[in-house]
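The working numbering applies: residue 3 is where the sequence shown begins, and numbers increase by one.
All residues carry an ideal CB built from backbone N, CA and C; glycine is no exception.
Please read all numbers here as calculations on a predicted model, not as lab measurements.
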Amino acid sequence: MTALFQKFSALMPLALVLLSGPVRADFFTFTDADGTIHFADEPPDHAQFSIYKLRNEDPFRIAAIRIPREELRKLISRYSSQYNVTPSLIEAVVKAESEYDPMAVSKKGARGLMQLMPTTAEQLGVFNPHDPKENLRGGIRYLKQLLEQFQGDVELAVAAYNAGPGAITKYGGVPPFPETVDYVKKVRKYYDRFQELTPVTFPHDVLADQQQPNPL
């Protein structure tokens with residue numbers, strides 16, 4: 003049995019439960035020695051596992067998988083290169099948005115590592131916002147769009163990520179919303195920390211070709 007088939011065969015019973023009606027159960031995941039991810043309705047006695055609580059009839063969460071921090075940073079590196087956005091900025095946004103939790107859901111309905119709203123996720127082609135790869139790819143693409151929209155001004159792009167680009171245009175800068183002001187400060191703090199911990203030499207820095215950038 004291939005690893006891919008093992009993953010989906012283990013997932014099928016849970017998918018059937020989801021289709022059968024409201025979900026009120028917990029499920030468990032663990033990864034075996036060859037890297038195959040398994041799903042079960044009982045905790046395994048031979049491996050470390052994660053537990054997920056399904057309480058809100060949320061089919062997206064069934065496919066959410068917590069990944070080690072080093073694997074997350076590999077994904078960040080891959081998509082930062084693809085979209086030409088500094089890795090430390092991406093990780094700062096991830097930490098500020100979700101504390102690295104792919105299962106995170108805000109009161110407003112934003113989901114996943116980079117807290118994508120449903121409409122934004124749909125526009126970015128993100129089918130499952132709780133999937134780390136999909137969420138990062140979509141979130142980084144959106145962050146890149148904001149950086150381009152605001153001519154490389156990182157502070158404005160970060161503020162727009164939180165409050166929406168319309169608010170930046172309306173107020174001519176970071177809007178005077180306490181949540182947004184605090185958010186920008188938080189991202190700046192994390193960005194500085196990650197730059198110190200893991201300095202990155204990036205061939206095409208996101209601000210390199212901009213006139214008079216306003217970095218965090």
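Using a 10 angstroms sphere on the CB of aspartate 194, the tally of other CB atoms stays under 16, which defines it as exposed. Look at valine 107 here: in three-state DSSP terms it is strand.
Restricted to the stretch 130-201, the alpha helix (DSSP H) segments that are unbroken, complete and at least 4 residues in length are 134-151, 156-165, 167-173, 180-199, listed in chain order.
The Cβ neighbour count for glutamate 136, taken over all protein chains shown within 10 Å, is at least 16; the residue is labelled buried. The stretch 166-183 makes no contact with the stretch 86-96; the number of CB pairs closer than 8 Å stays below 3.
Two segments are said to touch when three or more pairs of C-beta atoms, one from each, lie closer than 8 Å; by this definition the stretch 155-173 does not touch the stretch 122-132. Residue pairing by DSSP puts arginine 113 in a beta bridge opposite Val107, Leu118. Taking C-beta atoms as the reference points, glycine 141 and methionine 116 count as a pair closer than 7 Å.
Comparing alpha-carbon positions, the option among Phe152, Glu93, Ala169 lying closest to lysine 188 turns out to be Glu93. By the C-beta density criterion, aspartate 184 is exposed, having fewer than 16 other C-beta atoms within 10 angstroms. In the three-state reduction of the DSSP assignment, valine 96 falls in the helix class, which pools H, G and I. Proximity to alanine 98 across Leu126, Gly114, Tyr85 peaks at Gly114, based on C-alpha coordinates.
Per DSSP, the unbroken alpha helix (DSSP H) holding glutamate 73 starts and ends at 71-85. The C-beta separation of alanine 165 from phenylalanine 179 comes to about 6 Å, placing the pair in contact by the 8 Å criterion. Secondary structure of glutamate 101 (DSSP, three-state): coil. Collapsing the DSSP output to three states places leucine 91 in a helix. Relative to the Cα of tyrosine 85, the nearest Cα in the group Thr182, Arg139, Val96 belongs to Arg139.
Excluding sequence positions up to five before and after lysine 146, its CB lies within less than 6 Å of the CB of Tyr85, Val87, all in the same chain and listed in chain order.
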